[in-house]
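Structure record follows, encoded as structure tokens.
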Amino acid sequence: MMVLHQTPVHRPDTSLYYHFHIEFYPPLRTRDKIKFLSSSETGAGAAANPASVEMTAVELREAIQKAQRRRADQF
């Protein structure tokens with residue numbers, strides 16, 4: 001994976017010599033990981049959606065049912 005980092009925005013002293021830098025990472029994954037992290041996730045240190053599809057489906061179904069119950073209570 002290749003990650004590009006821009007010039008630090010709160011460091012004006014670096015603008016004359018620092019434009020961006022590149023970092024290379026191996027695909028970091030173990031057997032207990034549910035997916036590969038993308039370059040942007042690795043570079044930022046934040047996974048975009050670390051939940052499995054099955055767990056997300058359960059949460060979404062519960063949220064829809066809760067919203068439907070609230071709406072029914074209004075009428």
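Just so it is clear: in the sequence shown, position 5 is 5 by the UniProt record's numbering, and no numbers are missing. Think of the CB as a built atom: it goes at the ideal place given N, C-alpha and C, for glycine as much as any other residue.
Close-in-space but distant-in-sequence residues of the same chain around residue i (CB under 8 Å, 5 per side omitted)
i          : result
residue 21 : 4, 5
residue 14 : 7, 8
Residues of its chain near residue i, where Cβ-Cβ distance is below 7 Å and the 5 sequence neighbours each way are ignored
i          : result
residue 67 : none
8 Å contact criterion, which residue i and residue j should meet: CB distance rounded
i          : j          : result
residue 7  : residue 18 : 5 Å
residue 23 : residue 43 : 7 Å
For residue i: DSSP bridge partner residues
i          : result
residue 58 : In DSSP, residue 58 forms no bridge with anything.
residue 5  : 21
Beta-carbon gap between residue i and residue j smaller than 8 Å
i          : j          : result
residue 54 : residue 48 : no
residue 78 : residue 38 : An answer regarding residue 78 cannot be provided, because it is not within the stretch 1 to 75 covered by the chain.
Nonlocal neighbours in the same chain, by C-beta distance under 6 Å from residue i, ignoring five residues either side
i          : result
residue 63 : none
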